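Notes follow once the structure below has been shown.
Numbering (our numbering), first residue to last: 3 to 200.
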């Protein structure tokens with residue numbers, strides 16, 4: 003997302019908390035136990051590093067974009083629209099849909115890969131979705147904050163429904179094509195997701 007060089011009209015008084023972190027008084031208060039909401043570094047797995055680097059670049063380029071229900075970018079997103087757009091920009095194509103459709107059509111990863119970069123993480127009865135950065139946090143479009151990186155703190159971990167992996171290449175055969183189309187058609191009639199997170 004492009005950054006503006008215009009002065010922010012909001013007041014910009016800075017406070018320093020007990021651990022030395024600075025925050026603008028106009029920012030939303032965050033519990034002291036939560037560290038800086040930006041990842042210090044994200045480790046990119048080597049085997050698919052090129053795709054993962056493209057995905058990371060896409061996600062980070064949208065940080066700060068506004069939330070908009072049904073938004074798919076480039077300037078505003080809902081949670082599933084952010085996921086879809088990020089993968090599209092990394093060259094991974096799949097049908098845009100609500101979080102529930104991604105849950106229904108993608109495969110659960112082994113337990114040891116749940117917090118692996120690029121894994122989809124689902125929350126709050128499948129009404130919210132994000133993309134895992136690593137075991138410390140994830141990227142998502144929050145209704146109240148837009149596209150952000152959030153740490154896996156107690157709030158988020160208590161709301162995790164599960165994880166799914168986006169297939170990097172299509173392994174579909176003509177025999178499975180009809181089943182896949184039927185599954186995709188069924189997911190389009192699922193209830194529209196609601197973003198009930200902060």
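Every residue, glycine too, gets a C-beta built ideally from N, C-alpha and C.
Computed from a predicted structure; not experimentally measured.
How close, in whole Å, do the beta carbons of residue i and residue j come, if the pair is a contact with beta carbons under 8 Å?
| i | j | result |
| --- | --- | --- |
| residue 168 | residue 89 | 6 Å |
| residue 105 | residue 166 | 6 Å |
| residue 131 | residue 101 | 4 Å |
| residue 67 | residue 78 | 6 Å |
| residue 121 | residue 115 | 6 Å |
Rounded to the nearest angstrom, what separates residue i and residue j at their Cα positions?
| i | j | result |
| --- | --- | --- |
| residue 65 | residue 138 | 17 Å |
| residue 75 | residue 58 | 16 Å |
| residue 144 | residue 98 | 18 Å |
| residue 95 | residue 170 | 9 Å |
| residue 70 | residue 146 | 10 Å |
| residue 53 | residue 112 | 20 Å |
| residue 152 | residue 134 | 10 Å |
| residue 56 | residue 80 | 20 Å |
| residue 15 | residue 103 | For residue 15, the pLDDT reaches just 42, beneath the cut-off of 50, and the residue's location in the model is therefore unreliable, although a value from the coordinates is still provided. Taking the straight line from one Cα to the other gives about 44 Å. |
| residue 63 | residue 92 | 12 Å |
| residue 129 | residue 118 | 21 Å |
Please list the terminal residues of the continuous beta strand (DSSP E) segment that includes residue i.
| i | result |
| --- | --- |
| residue 89 | Taken as a continuous stretch (DSSP letters only), residue 89 belongs to no beta strand (DSSP E), being part of the alpha helix (DSSP H) at 81-91. |
| residue 125 | 122-125 |
Which two residues bound the contiguous alpha helix (DSSP H) that contains residue i?
| i | result |
| --- | --- |
| residue 145 | Premise fails: residue 145 is in no alpha helix (DSSP H) and is neither H nor E. |
| residue 135 | It is not in any alpha helix (DSSP H) - residue 135 instead sits in the beta strand (DSSP E) that spans 130-136. |
| residue 102 | 101-107 |
| residue 159 | 156-159 |
Quickly, what does DSSP pair residue i with across the bridge? List them, please.
| i | result |
| --- | --- |
| residue 168 | Note: residue 168 sits in no beta bridge, so no partner. |
| residue 152 | 140 |
| residue 78 | 68 |
- Check whether the stretch 121-140 touches the stretch 154-164, counting contact only when three or more Cβ pairs, one atom from each stretch, lie closer than 8 Å. As far as the Cβ criterion goes, the stretch 121-140 touches the stretch 154-164, which means the pair count is three or higher.
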